[in-house]
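Asks:
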Amino acid sequence: MASILFIESREHFDSADGGFCAALAPRLTAAGNRVDVLLVQNGVLPARAGARDCAMAALLGAGVPVLADDFSLRERGIDPKALASGVRSCALDVVIDRLADGWTVIWH
Amino acid sequence: MKKPISLCFALMDAPFESARSTTALRLLAIAAARGCDLQVFAYEGAVLQPFAAQQRHPNAVHGHSVEEENHFLPREAIEAIAAEAERHGGRLDWVNCGLCVDERGAGEAVAGVRRGSPVDFWRMARECTNTLVIPTHD
Numbered sequence: 001m002a003s004i005l006f007i008e009s010r011e012h013f014d015s016a017d018g019g020f021c022a023a024l025a026p027r028l029t030a031a032g033n034r035v036d037v038l039l040v041q042n043g044v045l046p047a048r049a050g051a052r053d054c055a056m057a058a059l060l061g062a063g064v065p066v067l068a069d070d071f072s073l074r075e076r077g078i079d080p081k082a083l084a085s086g087v088r089s090c091a092l093d094v095v096i097d098r099l100a101d102g103w104t105v106i107w108h
Numbered sequence: 109m110k111k112p113i114s115l116c117f118a119l120m121d122a123p124f125e126s127a128r129s130t131t132a133l134r135l136l137a138i139a140a141a142r143g144c145d146l147q148v149f150a151y152e153g154a155v156l157q158p159f160a161a162q163q164r165h166p167n168a169v170h171g172h173s174v175e176e177e178n179h180f181l182p183r184e185a186i187e188a189i190a191a192e193a194e195r196h197g198g199r200l201d202w203v204n205c206g207l208c209v210d211e212r213g214a215g216e217a218v219a220g221v222r223r224g225s226p227v228d229f230w231r232m233a234r235e236c237t238n239t240l241v242i243p244t245h246d
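Written out as structure tokens, the structure is:
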């Protein structure tokens with residue numbers, strides 16, 4: 001079993017492959033791996049409650065833990081309380097934590 | 109004495125262009141504050157991140173002087189990250205891809221930056237606890 005952190009910096013409106021993590025993370029989770037997704041930069045935009053984004057719905061529906069960088073949220077005026085249910089605001093430190101713990105960390 | 113955690117980062121973005129650069133420097137700053145051994149391989153436009161000739165400028169549109177604008181300079185952030193890492197028992201080893209430097213005339217870098225090749229990245233990735241590649245996106 002692998003432990004994998006995806007860092008998603010893209011979203012559907014600025015990237016044609018904004019669904020990369022949503023396509024991969026649920027399948028890796030279903031295969032028995034530990035998978036988290038961290039949203040950074042514009043990647044946090046679909047995490048707003050009420051945002052229509054099938055990729056985010058796929059992630060949350062599959063039970064993949066979704067984190068959102070608190071700095072990226074603040075930059076974009078997104079209140080952590082306004083995040084979709086299942087998305088948790090966190091500090092970017094989580095990336096260094098996971099790297100130090102030997103997780104595979106993939107930037108997208 | 110416990111060996112510090114060593115982390116390798118590959119960066120590709122030129123300064124002042126992408127939020128990825130900001131996030132990359134934030135990650136390096138967090139790791140530096142933990143005393144990590146940081147090994148950075150800068151490729152393509154990223155070799156300009158520590159470019160020594162970066163200068164602050166005024167902002168005429170907003171009527172700001174150079175001092176008021178206080179423009180962010182990546183070279184200063186990199187120097188601060190190196191100092192922070194050393195303060196906490198770590199270090200920053202920043203390698204600029206030599207060919208990328210020559211293409212861009214970016215040979216003048218802040219202290220501590222050295223010239224290398226992708227072989228250095230391979231060596232860093234082999235030796236470090238873990239590696240994060242932050243690629244460009246166009």
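Top to bottom, those sequences are chains A and B. Sequential numbering of the first sequence, starting at 1, is according to the numbering used here. Sequential numbering of the second sequence, starting at 109, is according to the numbering used here. Backbone N, C-alpha and C fix where the C-beta goes; we use that ideal spot for every residue, glycine too. Please read these numbers as outputs of a predicted model, since none were measured by experiment.
#1: So Leu92 of chain A is in the beta strand (DSSP E); what residue range does that whole segment cover?
#2: Residues bridged to Thr104 of chain A by DSSP?
#3: Applying a beta-carbon distance threshold of less than 8 Å, which residues of chain A neighbour His245 of chain B?
#4: Residues of the stretch 77-99 of chain A with a CB closer than 7 Å to any CB of chain B: list them in chain order, please.
#5: For the beta strand (DSSP E) containing Phe20 of chain A, name the first residue and the last one.
#6: Go through the stretch 169-244 of chain B residue by residue and report every complete run of the alpha helix (DSSP H) that reaches 4 residues or more, in order.
#7: Below 8 Å between beta carbons: does that hold for Leu73 of chain A and Ser85 of chain A?
#8: Starting from the Cα of Val259 of chain B, find the closest Cα among B:Ala160, B:Met120 and B:Ala122 and give me that residue.
#9: Taking Val44 of chain A as the query, report the chain B residues whose CB atoms sit under 9 Å from its CB, ordered along the chain.
#10: Would you mind giving the Cβ-Cβ distance between Val94 of chain A and Leu39 of chain A, rounded to the nearest angstrom? I have them listed as a contact below 8 Å.
#11: Could you tell me which uninterrupted beta strand (DSSP E) segments, each at least 3 residues in length, are contained entirely in the stretch 134-167 of chain B, listed from first to last along the chain?
#12: Give me, in chain order, the residues of the same chain whose beta-carbon lies closer than 7 Å to that of Cys236 of chain B; leave out the 5 immediate sequence neighbours on both sides.
#13: Would you mind telling me which residues of chain A sit closer than 7 Å to Ala139 of chain B, beta carbon to beta carbon, in chain order?
#14: Could you check the C-alpha separation between Gly61 of chain A and Cys54 of chain A for me, to the nearest Å?
#15: Taking 8 Å as the CB-CB cut-off, is Ala127 of chain B touching chain A?
#16: Report all residues from its chain with a CB closer than 8 Å to the CB of Leu240 of chain B; omit the five preceding and five following residues, and keep chain order.
#17: Which residue comes first and which comes last in the beta strand (DSSP E) that contains Asp70 of chain A?
#18: Take Met56 of chain A and list the residues in its own chain whose beta-carbon comes closer than 6 Å to its own, dropping the five residues that flank it on each side.
#19: So that I know if they touch, is there some Cβ in chain B lying closer than 8 Å to that of Phe71 of chain A?
#20: Provide the residue(s) that pair with Asp17 of chain A in DSSP beta bridges, ordered along the chain.
#21: So, does the CB of Ile186 of chain B fall closer than 8 Å to a CB anywhere in chain A?
#22: Check each candidate in B:Arg142, B:His179, B:Glu125 and B:Ala127 and name the one with the smallest Cα separation from Arg195 of chain B.
#23: Should Val174 of chain B be labelled buried (16 or more other beta-carbon atoms within 10 Å of its own) or exposed?
Replies: According to the data block:
#1: Leu92 of chain A -> no beta strand (DSSP E), and no H or E assigned at all.
#2: Thr104 of chain A is bridged to A:Ile4.
#3: Ordered by position in chain A, the residues that pass the 8 Å Cβ test against His245 of chain B are Ser9, Arg10 and Ser15.
#4: Leu92, Asp93, Val95, Ile96 and Leu99
#5: Premise fails: Phe20 of chain A lies in the alpha helix (DSSP H), Phe20 to Ala30, not in any beta strand (DSSP E).
#6: You should have 174-177, 182-195, 206-212 and 226-235.
#7: no
#8: Here chain B comprises residues numbered 109 to 246, so residue 259 of chain B is not present and cannot be evaluated.
#9: None at all; the shortest Cβ gap to chain B is about 11 Å.
#10: Val94 of chain A to Leu39 of chain A, Cβ: 11 Å. No contact.
#11: Counting only runs of 3 or more, we get 145-150.
#12: Ser114, Leu115, Cys116 and Gln147
#13: Ile96
#14: Distance from the CA atom of Gly61 of chain A to the CA atom of Cys54 of chain A, rounded to whole angstroms, is 10 Å.
#15: At least one CB of chain A lies nearer than 8 Å to the CB of Ala127 of chain B.
#16: Leu115, Cys116, Phe117, Ala118 and Leu135
#17: Counting along the chain, Asp70 of chain A falls outside any beta strand (DSSP E), though it belongs to the alpha helix (DSSP H) covering Asp70 to Glu75.
#18: Pro46
#19: yes
#20: None; Asp17 of chain A has no bridge partner.
#21: no
#22: The shortest C-alpha separation from Arg195 of chain B is found at B:Arg142.
#23: exposed
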